[in-house]
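A.B. asks: Attaching a single structure in structure tokens format; questions to follow.
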Amino acid sequence: MPTFSRSSSALRRGGLILMAAAVTLTLPACGGGAGRPRLAYEERPVELLYNTGYTRLQSNRWSDAVDYFQEVERQHPYSEWSRRAILMQVYAHYQNGSYEESIAAADRFISLFPGSPSAAYAFYMRATCHFEQIVDVGRDQNQAQQALDGLRDVARRYPGSSYATDATVKIDMVNDQLAGKEMSIGRYYQRANLPLAAIGRYKAVIDNEAYQRTSHTPEALYRLVEVYLSLGLKDEAERNGSVLGFNYPGSPWYSQAYALLTEQGEQPGTAPTGPRESWLQRIIPG
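Just so you know, we're using my numbering here: the sequence shown kicks off at 494 and counts up by one.
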């Protein structure tokens, strides 16, 4: 099962690279002391505000950086600097773990500049912030669903881009997470002696084309063998055992299913040949 942690150095490096691609800027030199200027409203050159925020960003002083970029937006709301400052807020909030604030800044950018080439970065970061908030399968998966919707949107809007490539990888991880949630609920129903409810959850994994490709499919097929045998539905148990053996012959789940069926005097039948996905859909009733 994938883990979702914002401390991933690879993701942080990737975010920084993408940020550089989204906001290309030649910074003019500016003077200033080592201390931070007061942020009470006082009209200051936009270059001073932006560059000070950028310096704080480079020093990983995320909250300080946000303060300066917000001042750019407040004092110079219709400038090109303001547009860039909003994107910098998206990034700084993300790095600080302030995901909801990052999402809010991304939404603001998308609302104000929907046609900007940098909107791709805002869409991507909004989805990534939801992705970073995914929790274990035993808890509510609202963030996972929002991440999936956002990542699919990125892949659809910006095909062939680096954002779409990364979104596709994350989509697979989120699908694995959501399939894991179905399995968790199915196992709960099975333990509670609610076999029909359990079957519904396990079949949700093998009938959903996106979930079929996850790590949970072999176990879902095995659990169906278990439940069907408990209901005396030996033909259904054998059919799912055959699917499991054909698609995952080396899986420990198939070994367990085979042992379980033979203990009951049954044996997985011979599975038909054909492409894995189409065959799964054909042999497992919807």
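Where a beta carbon is used, it is the ideal one built from N, C-alpha and C, also for glycine.
1. Counting C-beta neighbours from all protein chains within 10 Å, is the total for E770 16 or more, i.e. buried, or is it exposed?
2. Quick one: grab the DSSP three-state call for N553.
3. Just tell me which of A578, I692, N686 and G734 has its CA closest to the CA of L753.
4. Looking at L724: is its Cβ nearer than 8 angstroms to the Cβ of P688?
5. Buried or exposed: where does Q551 fall if 16 or more other Cβ atoms within 10 Å of its Cβ makes it buried?
6. Contact between the segment 636–648 and the segment 664–681: three or more CB pairs below 8 angstroms?
7. Using CA coordinates, which residue listed in E702, G590 and V720 is at the minimum distance from R684?
8. For T621, count the other beta carbons within 10 Å of its own beta carbon; 16 or more makes it buried, fewer makes it exposed. Which is it?
9. Can you tell me where the alpha helix (DSSP H) with F606 in it begins and where it stops?
10. Can you tell me whether DSSP reads Q568 as helix, strand or coil?
11. Using CA coordinates, which residue listed in A578, W555, S556 and V647 is at the minimum distance from L541?
12. Of the choices Y587, V698, R619 and Y747, whose alpha-carbon is the least far from that of Y656?
13. Considering just the uninterrupted stretch of the alpha helix (DSSP H) at Y651, what are its terminal residues?
C.D. replies: Taking the coordinates as given:
1. Here the question's residue 770 lines up with position 277 in the sequence shown. Here the model assigns E770 a pLDDT of 47, short of 50, so the residue's position is not dependable, and the following value carries that caveat. E770 is exposed by the Cβ-count criterion.
2. Sequence index remark: in the sequence shown, residue 553 carries index 60 (1-based). Coil at N553, not helix or strand.
3. Here residue 753 refers to the residue found at position 260 of the sequence shown. Considering only alpha carbons, the answer is G734.
4. The sequence position of residue 724 within the sequence shown is 231, counting from 1. The sequence position of residue 688 within the sequence shown is 195, counting from 1. Taking 8 angstroms as the Cβ cut-off, L724 and P688 qualify as a contacting pair.
5. As a working mapping, residue 551 is identified with position 58 in the sequence shown. By the Cβ-count criterion, Q551 is exposed, with fewer than 16 other Cβ atoms from all chains shown falling within 10 Å of its own Cβ.
6. yes
7. Position 191 of the sequence shown holds residue 684. Per the Cα distances, V720.
8. In the sequence shown, the residue the question calls residue 621 occupies position 128. Its Cβ being crowded by 16 or more others within 10 Å, T621 is buried.
9. Here residue 606 refers to the residue found at position 113 of the sequence shown. Element bounds for F606: n/a, residue is neither H nor E.
10. Taking the sequence shown and counting its residues from 1, one reaches residue 568 at position 75. Per DSSP, reduced to three states, the secondary structure at Q568 is helical.
11. Along the sequence shown, read from residue 1 onward, the residue named residue 541 stands at position 48. Closest option to L541, Cα to Cα, is A578.
12. Residue 656 sits at position 163 when you count from the first residue of the sequence shown. When each option's Cα is compared against that of Y656, the closest is R619.
13. Walking along the sequence shown from the start, residue 651 turns up at place 158. Looking at the DSSP string, Y651 is not in any alpha helix (DSSP H), and its letter there is neither H nor E.
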